[in-house]
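Novice: Okay, so the sequence shown: first residue is 61 according to the working numbering, each after it adds one.
From the three backbone atoms N, C-alpha and C, an ideal C-beta is built for every residue, glycine too.
My questions all concern the structure below.
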Amino acid sequence: MNKILLLLSAAACTLLACKQSGDKDKGQSLAAEAAFDNKDYHTQSNADSVKGTHLFLDIEVSFDTKMITGSALWDIENPYKKSQIIFDTKDLVIDSVFLDGVTKAAYTLGNPDSVLGTALNVTIKPENKSVKIYYHTTDKATALQWLAPEQTFGKQHPFLYTQSESIHARTWIPVQDGPGVRYTYDAKVTVPKGLMALMSATNPQQKAADGVYTFHMDKPIPAYLMALAVGDIGFKSIDDRTGVYAEPSILAKAYNEFTDVGKMVHTAEELYGPYRWGRYDILVLPSGFPIGGMENPKLTFCTPTILAGDKSLVNLIAHELAHNWSGNLVTNHTWNDFWLNEGFTMYFERRITEAMQGKSYTDMQWELGYQDLVATMEDLKDKPEDTHLRLNLKGRNPDDGLTDIAYEKGAHLLKLIELTVGRAKMDTFLTQYFNDNAFKTMNTKDFIDYLNKHLLDQNPDWKMKININEWVYSAGIPKSCPRADMERFVKVDSVAKKFTTGTKAAALPAVQWSTYEWMHFLRQMVTSNINLEQMKDLDQVYHLTQTQNSEKADLWYLLSIKTKYTPAYPAMRSFLYVTGREKFLQPLYKEMMKTAEGKQMASEIYTLARPNYHPLTQKVVDEIVK
Ligand SMILES: [Zn+2]
């Protein structure tokens with residue numbers, strides 16, 4: 061998944077000093093290591109003793125009732141001859157349960173837990189081979205977003221998509237829902253005629269006349285990678301293994317943005333070994349999609365906000381592609397080990413980008429990521445344990461762990477390892493790591509053991525220099541955290557200084573700037589005392605209010621709220637009405653809430669925009685705007 065939460069406005073980034081972790085944390089880190097607990101507290105299933113090994117999902121999607129109805133047939137393995145199998149469900153209605161296709165099964169539902177949902181306990185006998193659960197979803201399903209036609213690009217047909225990570229799969233499928241539990245699946249999905257259905261599996265490239273689609277996933281995956289999308293969707297091939305799905309009205313635009321994706325898959329393979337999932341396709345969703353992208357196997361789901369028209373934001377695809385190694389192939393064992401998915405993926409994403417766009421370009425990504433990390437540390441200053449790479453989310457919602465700690469602190473640790481051992485050794489190590497652990501899970505402790513055995517034991521100095529326990533089990537940013545080469549940003553800094561001290565916008569050498577140079581510049585403007593005249597000057601020369609680049613737009617609107625630059629307000633309102641990407645929404649609503657007139661504007665905008673946002677995003681913005 062792409063970074064989801066910008067916990068703090070970018071404004072704070074450059075003001076904050078790096079928080080260093082000190083000696084006092086060393087004792088804590090040793091204790092945390094000693095007490096390492098590998099249990100997944102976010103599933104109520106008993107998959108460690110009775111396991112669903114293959115799913116046959118037979119469901120019908122109704123836009124009239126906004127309901128998925130059907131059955132989940134699980135092949136089971138019961139080596140210890142247990143008398144019950146337990147599935148996770150949340151806000152699902154269970155209609156009936158059968159054993160081996162014929163015998164009606166006895167089952168009970170546990171007490172509902174607000175985070176974990178309701179355990180479904182099915183009584184079984186040692187000889188039973190399968191459990192079939194008839195069920196339907198409810199309007200509380202947090203994984204599902206049902207869009208009315210007017211919320212799509214085409215405005216003619218409804219649309220449905222799922223977002224299962226972290227533990228939302230259980231709101232649309234009864235499943236043993238933990239990242240450590242893998243299974244293969246087949247599915248038959250019936251949708252209204254004229255619409256296409258797609259899953260994280262082998263996918264159709266044309267609509268089925270009868271609205272019935274079948275899917276097959278022969279590689280074992282965890283439940284958080286279950287995905288479904290239904291809508292008026294077309295397909296365009298990029299090359300013989302990559303292609304783009306999107307609504308017909310944006311398909312050509314999406315295709316033009318992603319023409320280099322075939323090359324990107326080859327680049328990733330050159331780095332860390334073969335892509336093992338067959339096809340790699342991308343589905344561009346309607347604007348309400350709450351996150352940047354989701355690495356659903358064979359079919360990345362992504363936001364349309366990366367369609368900038370100039371390929372400048374396709375690094376998001378590099379991220380989702382990289383997950384096909386770190387995450388989908390070698391999966392974090394529990395959500396406490398989330399950094400093993402996201403830290404590795406950020407590192408891998410930047411290696412792909414470096415190979416395709418060059419080092420100085422990627423150095424800017426590293427530096428912006430470091431700024432995000434510093435901002436996140438400040439935001440979490442009252443919860444230092446949440447800044448450890450290895451988390452303790454027992455009793456909490458695992459979505460609480462979706463911060464830049466996993467992404468950026470994790471990536472910077474891998475960067476430090478690379479700088480310490482050298483790139484050649486690092487790449488050999490990572491390739492072997494993905495091979496040795498393919499289609500398995502990994503926890504933090506086992507990763508450290510593996511790293512030591514296969515790399516760091518070669519040289520005691522490396523171990524000392526990296527001091528991995530400090531990174532994993534202590535708070536803050538370790539002193540050893542590497543920083544990227546700042547060459548291009550130093551130039552931007554000097555331009556920013558000139559502008560804030562009186563140089564006119566037309567005299568700035570900004571026409572050739574990349575998105576990242578603009579982001580760095582605009583982040584500095586947010587923390588400076590830029591005035592209305594300067595805003596007007598910048599806008600007249602660089603047309604920032606009208607930019608089609610969502611990253612630039614978001615920062616420009618943040619700056620506009622702060623300086624009360626009203627000419628940007630209509631464009632900002634339009635942006636907020638249609639864009640559901642949480643990363644962009646949070647800073648804008650938070651900034652508006654700082655003044656009385658801003659609060660009024662936030663309330664007006666949100667009243668109209670709220671129906672377009674995903675239920676999870678609504679929850680987050682409700683908290684800000686309430
Ligand atoms: Zn990710």
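State the Cα-Cα distance for the pair residue 583 and residue 615, rounded to the nearest angstrom.
Specialist: Indexing the sequence shown from 1 puts residue 583 at position 523. Indexing the sequence shown from 1 puts residue 615 at position 555. When rounded, the distance between both Cα atoms is 7 Å.
Novice: I'd like the list of long-range same chain contacts for residue 585, defined as Cβ closer than 6 Å, with 5 residues on each side in sequence excluded.
Specialist: Taking the first residue of the sequence shown as position 1, residue 585 is located at position 525. Excluding positions up to five away in sequence, the list reads 619.
Novice: For residue 547 versus residue 420, is the C-beta distance shorter than 9 Å?
Specialist: Indexing the sequence shown from 1 puts residue 547 at position 487. Indexing the sequence shown from 1 puts residue 420 at position 360. Going by C-beta atoms, residue 547 is nearer than 9 Å to residue 420.
Novice: Skipping 5 residues on each side, what residues in its chain have a beta carbon closer than 7 Å to that of residue 505?
Specialist: Start at 1 with the first residue of the sequence shown, and residue 505 comes out as number 445. Only 96 meet the Cβ criterion.
Novice: Cα-Cα, which of 502, 459, 682, 605 is closest to residue 627?
Specialist: Translated into positions along the sequence shown, residue 627 becomes position 567. Out of 502, 459, 682, 605, 605 has the C-alpha closest to the C-alpha of residue 627.
Novice: Output the distance between the C-alpha atoms of residue 514 and residue 189, rounded to the nearest integer angstrom.
Specialist: Start at 1 with the first residue of the sequence shown, and residue 514 comes out as number 454. Start at 1 with the first residue of the sequence shown, and residue 189 comes out as number 129. Spanning the two alpha carbons is a distance of roughly 40 Å.
Novice: List, from N- to C-terminal side, the alpha helix (DSSP H) runs of 4 residues or more that fit wholly inside the stretch 559-625.
Specialist: Complete alpha helix (DSSP H) runs here, min 4: 575-587, 592-602, 610-623.
Novice: Assign residue 127 to one of three DSSP states: helix, strand, or coil.
Specialist: On the sequence shown, position 67 is the one that residue 127 refers to. Of the three classes helix, strand and coil, the one that applies to residue 127 here is strand, per DSSP.
Novice: Taking the continuous alpha helix (DSSP H) assigned at residue 491, which residues delimit it?
Specialist: Position 431 of the sequence shown, counting from 1, holds the residue named residue 491. Element bounds for residue 491: 483-496.
Novice: Tell me whether residue 418 is buried or exposed, calling it buried when 16 or more other Cβ atoms sit within 10 Å of its Cβ.
Specialist: Translated into the one-based positions of the sequence shown, residue 418 becomes position 358. So residue 418 ends up on the exposed side.
Novice: Assign residue 82 to one of three DSSP states: helix, strand, or coil.
Specialist: To locate residue 82, count along the sequence shown from 1; it is residue 22. No answer about residue 82 holds up, because its pLDDT of 42 lies below 50 and its placement is not dependable.
Novice: Would you kindly work out how many angstroms separate the C-alpha atoms of residue 524 and residue 629, rounded to a whole number?
Specialist: Translated into positions along the sequence shown, residue 524 becomes position 464. Translated into positions along the sequence shown, residue 629 becomes position 569. Rounded to the nearest angstrom, the two C-alpha atoms are 53 Å apart.
Novice: Tell me whether residue 499 is buried or exposed, calling it buried when 16 or more other Cβ atoms sit within 10 Å of its Cβ.
Specialist: Here residue 499 refers to the residue found at position 439 when the sequence shown is read from its first residue. Looking at its Cβ environment, which holds fewer than 16 other Cβ atoms inside 10 Å, residue 499 is exposed.
Novice: Where does residue 591 land, buried or exposed, given buried means 16+ other C-beta within 10 angstroms?
Specialist: Your numbering for residue 591 matches position 531 in the sequence shown. Its Cβ having fewer than 16 others within 10 Å, residue 591 is exposed.
Novice: For residue 403, which of helix, strand or coil comes out of DSSP?
Specialist: Position 343 of the sequence shown, counting from 1, holds the residue named residue 403. Residue 403 falls in the helix class under three-state DSSP.
Novice: Whole angstroms are fine: how far does the CA of residue 495 sit from the CA of residue 575?
Specialist: Position 515 of the sequence shown, counting from 1, holds the residue named residue 575. Position 435 of the sequence shown, counting from 1, holds the residue named residue 495. For residue 575 and residue 495, the distance between alpha carbons rounds to 35 Å.
Novice: State the DSSP-derived secondary structure class of residue 681, mapped to helix, strand or coil.
Specialist: Stepping through the sequence shown from its first residue, residue 681 is reached at position 621. Helix.
Novice: Can you find a heavy atom of ligand 1 that lies under 8 Å from the Cβ of residue 653?
Specialist: On the sequence shown, position 593 is the one that residue 653 refers to. Checking the Cβ of residue 653 against ligand 1 gives no.
Novice: If the criterion is Cβ atoms closer than 9 Å, does the pair residue 274 and residue 296 meet it?
Specialist: Along the sequence shown, read from residue 1 onward, the residue named residue 274 stands at position 214. Along the sequence shown, read from residue 1 onward, the residue named residue 296 stands at position 236. Their beta carbons are not under 9 Å apart, which means residue 274 does not touch residue 296 by this criterion.
Novice: When you compare only the Cα positions, how much space is there between residue 677 and residue 612?
Specialist: Residue numbering aside, residue 677 sits at position 617 when the sequence shown is read from its first letter. Residue numbering aside, residue 612 sits at position 552 when the sequence shown is read from its first letter. Spanning the two alpha carbons is a distance of roughly 21 Å.
Novice: Using a 10 Å radius around the Cβ and a threshold of 16 neighbouring Cβ atoms, would you call residue 561 buried or exposed?
Specialist: One-based indexing of the sequence shown puts residue 561 at position 501. Residue 561 should be labelled exposed.
Novice: Can you find a heavy atom of ligand 1 that lies under 8 Å from the Cβ of residue 263?
Specialist: Taking the first residue of the sequence shown as position 1, residue 263 is located at position 203. Outside the cutoff, so no.
Novice: Unbroken alpha helix (DSSP H) runs of length 4 or more, entirely within the stretch 215-267: which are they?
Specialist: none
Novice: In whole angstroms, give me the CA-to-CA distance for residue 609 and residue 159.
Specialist: Counting from 1 along the sequence shown, the entry for residue 609 is found at position 549. Counting from 1 along the sequence shown, the entry for residue 159 is found at position 99. Straight-line Cα distance between these residues: approximately 54 Å.
Novice: DSSP three-state call for residue 156: helix, strand or coil?
Specialist: For this step, residue 156 is matched to residue 96 along the sequence shown. If DSSP states are grouped into helix, strand and coil, residue 156 belongs with the strands.
Novice: So, does the CB of residue 599 fall closer than 9 Å to a CB anywhere in chain D?
Specialist: As a matter of chain content, chain D is missing from the structure shown, which is built from one protein chain.
Novice: What first and last residue would you give for the beta strand (DSSP E) that runs through residue 116?
Specialist: Locating residue 116 in the sequence shown gives position 56, where the first residue counts as 1. Element bounds for residue 116: 111-122.
Novice: Measuring CA to CA, which of 539, 540, 581, 541 is closest to residue 553?
Specialist: Reading the sequence shown from its first residue, position 493 is the one you call residue 553. Looking at the Cα atoms, 581 is the closest of the given residues.
Novice: Closer than 8 Å is the cut-off here; do at least three beta carbon pairs connect the stretch 637-648 with the stretch 344-364?
Specialist: yes
Novice: Measure the Cβ-Cβ separation of residue 375 and residue 409 and say whether it is below 9 Å.
Specialist: If you number the sequence shown from 1, residue 375 lands on position 315. If you number the sequence shown from 1, residue 409 lands on position 349. For residue 375 and residue 409, yes; Cβs fall inside 9 Å.
Novice: Taking residue 396 as the reference, which of 413, 221, 63, 100 has the closest Cα?
Specialist: Stepping through the sequence shown from its first residue, residue 396 is reached at position 336. Measuring from the Cα of residue 396, the nearest candidate turns out to be 100.
Novice: With a threshold of 8 Å (Cβ to nearest heavy atom), would residue 329 be considered close to ligand 1?
Specialist: Start at 1 with the first residue of the sequence shown, and residue 329 comes out as number 269. No.
Novice: Could you check if residue 242 is buried or exposed, using at least 16 other CB atoms within 10 Å of its CB as the buried criterion?
Specialist: Here residue 242 refers to the residue found at position 182 of the sequence shown. Buried, since its Cβ has 16 or more Cβ neighbours within 10 Å.
Novice: Would the beta-carbon of residue 222 fall within 9 Å of that of residue 288?
Specialist: Stepping through the sequence shown from its first residue, residue 222 is reached at position 162. Stepping through the sequence shown from its first residue, residue 288 is reached at position 228. Closer than 9 Å, so yes.
Novice: Hey, which unbroken runs of the alpha helix (DSSP H) at 4 residues or more fall wholly within the stretch 316-387?
Specialist: 321-332, 375-382
Novice: Exposed or buried, what is residue 530 when buried is set at 16 or more other beta-carbons lying within 10 Å of its beta-carbon?
Specialist: Position 470 of the sequence shown holds residue 530. Residue 530 should be labelled buried.
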